[in-house]
Ligand code: CA
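Numbering (my numbering), first residue to last: 25 to 397.
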């Protein structure tokens, strides 16, 4: 297939040169299009995830596969796990500078450089997956995200969502907010800042380092994603208690970003394929986690004797108060940061208003019928 494309490409190019050489003949637009359509773009996609990690790491592989098939081989993307080309937390700069054309990660990893980026990953006690997708794709969120990344020469896309995560893995019980005091925990983004305000010590680690850090006692506790992904990382062999709910990550969006020069070098049809294929993996990841989390949870409980615990209500209430303070304070930056925070907050408030009488009311009603059964 590729040989045939190269042949047609060469043929179209020769024809163009021939036509241009004649001087008088106009360039045939169909021949120009044929030359354009036969060009093969070989790209590198670097990620913050361990290579082929179920869920998060598989998503960019599926993205590359979709794009290869949709483009009939014209967009040929090779995916690299964290550390294969650059370290997990170096992908933003590497794609910005053109070392690779594309990246896949989570926007809260770049909080040190761009605090407002965290709003495009997840906000403690903020929007869930369904609400984030609404804001990004029909509420002005994605346009603001593009504006935020433009100075870094990057074009971002939503490209995955885990749904509500778990609060994490602990080796001691959490019975009061005081139990978080001094706790050294791997927890990214704004959630980490909330933990710090509760007296804990947040640590930022990529997925590949979480298990060893927990097992060797470098950290006391960790969050990662949820049962399906956490089972794959064997976190249950390094901690006893598995707490819920994931107050700090209620529906995190994963991101794909493209180097702006690489993006602008693509013909419109390949750009459209990237837009559509990222939407497809954005939805697909949520579907996969939804389908697999419960069976992984059953495995964790029945085969590995994991103790699943709910965070006490008063602990969650205190964390919510601290979260509201931390988020408001963190988003008092420049004009764009304020605009992003306002857009998120206004949309969240509006969507909550309706979800109170739709999603929330239905879940309450469903729970009621379960209790009565
Ligand atoms: Ca997480």
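We put the CB at the ideal spot given by N, CA and C, even for glycine.
Rounded to a whole number of angstroms, what is the C-alpha to C-alpha distance between residue 368 and residue 311?
-> Within the chain shown, residue 368 is the residue found at index 344, counting from 1. Within the chain shown, residue 311 is the residue found at index 287, counting from 1. Roughly 24 Å between the two C-alpha positions.
CB of residue 268 within 8 Å of CB of residue 191, strictly | For this step, residue 268 is matched to residue 244 along the chain shown. For this step, residue 191 is matched to residue 167 along the chain shown. A contact, by the Cβ cut-off of 8 Å.
Along the beta strand (DSSP E) that carries residue 317, what are the first and last residues, could you check?
-> As a first step, residue 317 is located in the chain shown; it is residue number 293 there, counting from the start. It is not in any beta strand (DSSP E) - residue 317 instead sits in the alpha helix (DSSP H) that spans 292 to 326.
Looking at C-alpha atoms only, which residue of 226, 126, 189 and 228 is the closest neighbour of residue 298?
-> Translated into positions along the chain shown, residue 298 becomes position 274. For residue 298, the closest alpha carbon among the candidates 226, 126, 189 and 228 is that of 126.
Sequence ranges, beta strand (DSSP E) only - wholly within the segment 324 to 376, length at least 3 | Whole beta strand (DSSP E) segments, 3+ residues: 331 to 334.
Terminal residues of the continuous alpha helix (DSSP H) containing residue 221?
-> The sequence position of residue 221 within the chain shown is 197, counting from 1. Looking at the DSSP string, the run of the alpha helix (DSSP H) that includes residue 221 is 213 to 221.
Per-residue DSSP class, three states only, for residue 130 | Walking along the chain shown from the start, residue 130 turns up at place 106. Coil, per DSSP.
With a Cβ-Cβ cutoff of 8 Å, do residue 142 and residue 214 count as a contact?
-> For the purposes of this step, residue 142 is taken as residue 118 along the chain shown, with counting starting at 1. For the purposes of this step, residue 214 is taken as residue 190 along the chain shown, with counting starting at 1. Taking the C-beta atoms as reference points, residue 214 is found nearer than 8 Å to residue 142.
Would you kindly check if the distance between the Cβ of residue 189 and the Cβ of residue 279 is under 8 Å?
-> Counting from 1 along the chain shown, the entry for residue 279 is found at position 255. Counting from 1 along the chain shown, the entry for residue 189 is found at position 165. It is not a contact, given that the beta carbons lie outside the stated cut-off.
Three-state secondary structure assigned by DSSP to residue 242 | In the chain shown, counting from the first residue as 1, residue 242 sits at position 218. If DSSP states are grouped into helix, strand and coil, residue 242 belongs with coil.
Under a three-way DSSP split, which group does residue 48 fall into?
-> As a position in the chain shown, residue 48 is number 24, starting the count at 1. Any reading at residue 48 must be qualified, since the residue scores a pLDDT of 48, below 50, and its modelled position is unreliable; no value is offered.
Would a C-beta distance cut-off of 8 Å place residue 270 and residue 152 closer than the cut-off?
-> The sequence position of residue 270 within the chain shown is 246, counting from 1. The sequence position of residue 152 within the chain shown is 128, counting from 1. It is not a contact, given that the beta carbons lie outside the stated cut-off.
Between residue 281 and residue 133, is the Cβ-Cβ spacing less than 8 Å?
-> If you number the chain shown from 1, residue 281 lands on position 257. If you number the chain shown from 1, residue 133 lands on position 109. For the 8 Å CB-CB criterion, residue 281 and residue 133 do not form a contact.
Classification of residue 48 by the beta-carbon crowding that lies within 10 angstroms, buried from 16 upward | Counted from its first residue, the chain shown places residue 48 at position 24. At residue 48, the pLDDT of 48 sits below 50, so the modelled position is not reliable and the matter cannot be decided from this model.
Burial state of residue 45, where buried means 16 or more other Cβ atoms lie within 10 Å = On the chain shown, residue 45 is found 21 positions in, with the first residue counted as 1. Unreliable placement is indicated for residue 45, whose pLDDT of 44 sits below 50; the coordinate value is still reported in the next sentence. Burial is judged here by how many other beta carbons sit within 10 angstroms of a residue's own beta carbon; residue 45 has fewer than 16 and is exposed.
Relative to ligand 1, what is the chain-ordered list of residues with a Cβ closer than 6 Å to any of its non-hydrogen atoms?
-> Near ligand 1, meaning a Cβ closer than 6 Å to any of its heavy atoms, lie the following residues in chain order: 189, 247, 248, 249 and 273.
Are residue 71 and residue 106 closer than 8 Å when you measure CB to CB?
-> Working through the chain shown from its first residue, we reach residue 71 at position 47. Working through the chain shown from its first residue, we reach residue 106 at position 82. Residue 106 is positioned such that its CB atom lies closer than 8 Å to that of residue 71.
Residue 183, DSSP secondary structure in three states | Against the chain shown, residue 183 aligns to sequence position 159. Strand.
Give the straight-line distance between the Cα atoms of residue 385 and residue 391, rounded to the nearest whole angstrom.
-> If you number the chain shown from 1, residue 385 lands on position 361. If you number the chain shown from 1, residue 391 lands on position 367. One C-alpha to the other measures close to 10 Å.
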